[in-house]
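All residue numbers for the sequence shown refer to the numbering used here, where the first residue is 1264 and numbers rise by one.
Since the structure comes first, as structure tokens, the remarks are kept for the end.
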Amino acid sequence: MDNNLDIKDFFERTKDLLKLRPAFKKNYFPRKEGGEDSVSFQVWGKKEIQNFEKLSSKERKGFIRKKFKEGSPCVILADNLSFSPEIEKEAKEKRLALFRSMLSQKMCRERMKSFLFHLSPDQVTISGGLLQISGLGVLIVGDSAIGKSESALVLISRGHRFVCDDVVHVKRENGSRLVGRAPPISCNFMEIRGLGIINIKEIFGSKAVLKRSAIDLVIKLEKRQRKKEDDRLGLKTPEDYKILGVKIPQVNIPVAPGRNIATLIEVA
């Protein structure tokens, strides 16, 4: 995992999030030669340490050299484990930072991915749900409890494909292409009021889910107001929805008792 970020700044910004502390007695934040600072980090856990301890002295040196790639990497050791003196010695020679984390390896990696995701100017997190309807990537947004997840569940039952619910990580690719995916921790899961959290993949099968999808259309669900005029279907097409500077066609669907929102989304 790589990202352009000063190591000291990285530590200050993630020490609480990742429960970090420097492995050395004195805080050690090496700077990359040439004036360019870059963090290339790895997250180790029990498996890496156990494998290391099984090696001979000669093999350990090879293991360390392989793991400590060229540049100025940063290694995080999860599960509150400690680095061996050999690793610490090699780290100082290679000018890299070592940190220990109280979190599990899995949790540390997930939080790190989320942190790095929000650093990029080409990525953003949006509250909503994402489905692929008849091959078209549809982002469903709207106020909380308005029926986004319930409508998505009906659409999935009709054969459309689920990408994510509640939180959508959106990335801009190739200039103007927007792609959405679920955060790793909520992949395949959907929360339905009254039912709780359900696993879409287990209920509808692997063909019902996608890891990611382009975003081609935004559907906004909103409470119906009698004063506002709708078209014959009750759909409204306001200005485009902007994400990361990219305009996406948007259709507003007023929600009211008795209206089949899932069908209206298909029509839109």
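In this text, a Cβ means the ideal position worked out from N, Cα and C, and glycines have one as well.
Cβ-Cβ distance between residue i and residue j below 9 Å
i       : j       : result
Ile1482 : Leu1379 : no
Cys1337 : Leu1281 : no
Val1426 : Arg1475 : yes
Ile1463 : Ile1511 : no
Leu1344 : Ile1312 : yes
Gly1400 : Leu1480 : yes
Gln1513 : Glu1502 : yes
Glu1373 : Pro1447 : yes
Arg1421 : Ala1525 : yes
Glu1351 : Phe1273 : no
Whole-Å CB distance - residue i paired with residue j, under 8 Å assumed
i       : j       : result
Val1472 : Asn1451 : 6 Å
Met1453 : Leu1416 : 7 Å
Trp1307 : Ala1360 : That belief does not hold up - the Cβ atoms of Trp1307 and Ala1360 are roughly 13 Å apart, past 8 Å.
Leu1283 : Ile1339 : 7 Å
Leu1418 : Ile1528 : 7 Å
Val1404 : Val1433 : Not really, about 11 Å apart at Cβ, beyond 8 Å.
Enclosing beta strand (DSSP E) for residue i [first to last residue]
i       : result
Arg1440 : Arg1440 to Arg1444
Ser1390 : Gln1386 to Ser1390
Ala1477 : Arg1475 to Ala1477
Val1426 : Arg1424 to Cys1427
Ile1403 : Leu1399 to Gly1405
Residue burial classification, residue i (beta-carbon count within 10 angstroms, cutoff 16)
i       : result
Asn1515 : buried
Ser1439 : exposed
Leu1318 : exposed
Gly1220 : The first residue shown for the chain is 1264 and the last is 1531, placing residue 1220 beyond what the model contains.
Asn1523 : exposed
Ala1354 : buried
Ala1408 : exposed
Pro1517 : buried
Ala1519 : exposed
Ser1397 : exposed
Ser1364 : buried
Ser1412 : buried
Leu1458 : exposed
Arg1424 : buried
DSSP beta-bridge partners of residue i
i       : result
Met1453 : Ile1461
Pro1517 : Glu1485
Gln1536 : The question about residue 1536 has no answer, for the chain in this structure spans 1264 to 1531.
Ile1339 : Val1306 and Phe1362
Glu1529 : Partner(s): none; Glu1529 has no beta bridge.
Arg1435 : Leu1441
Ile1506 : Val1509
Ile1466 : DSSP, once it has assigned bridges, lists no residue as partnering Ile1466.
Leu1344 : DSSP output for Leu1344 lists no bridge partner at all.
Ile1270 : Answer is none; Ile1270 lacks a bridge partner.
Range covered by the alpha helix (DSSP H) that runs through residue i
i       : result
Lys1282 : Per DSSP, Lys1282 belongs to no alpha helix (DSSP H) and is neither H nor E.
Ala1360 : Unbroken run through Ala1360 is the beta strand (DSSP E), Ala1360 to Ser1364; no alpha helix (DSSP H).
Glu1351 : Pro1348 to Glu1356
Phe1378 : Gln1368 to Phe1380
Ser1383 : No alpha helix (DSSP H) contains Ser1383, which DSSP labels as neither H nor E.
Ile1448 : No alpha helix (DSSP H) contains Ile1448, which DSSP labels as neither H nor E.
Leu1416 : Lys1411 to Ser1420
Phe1331 : Premise fails: Phe1331 is in no alpha helix (DSSP H) and is neither H nor E.
Cβ-heavy atom distance, residue i to the ligand MN, below 8 Å
i       : result
Gly1392 : In terms of ligand content, the structure shown is empty, and the ligand MN therefore cannot be addressed.
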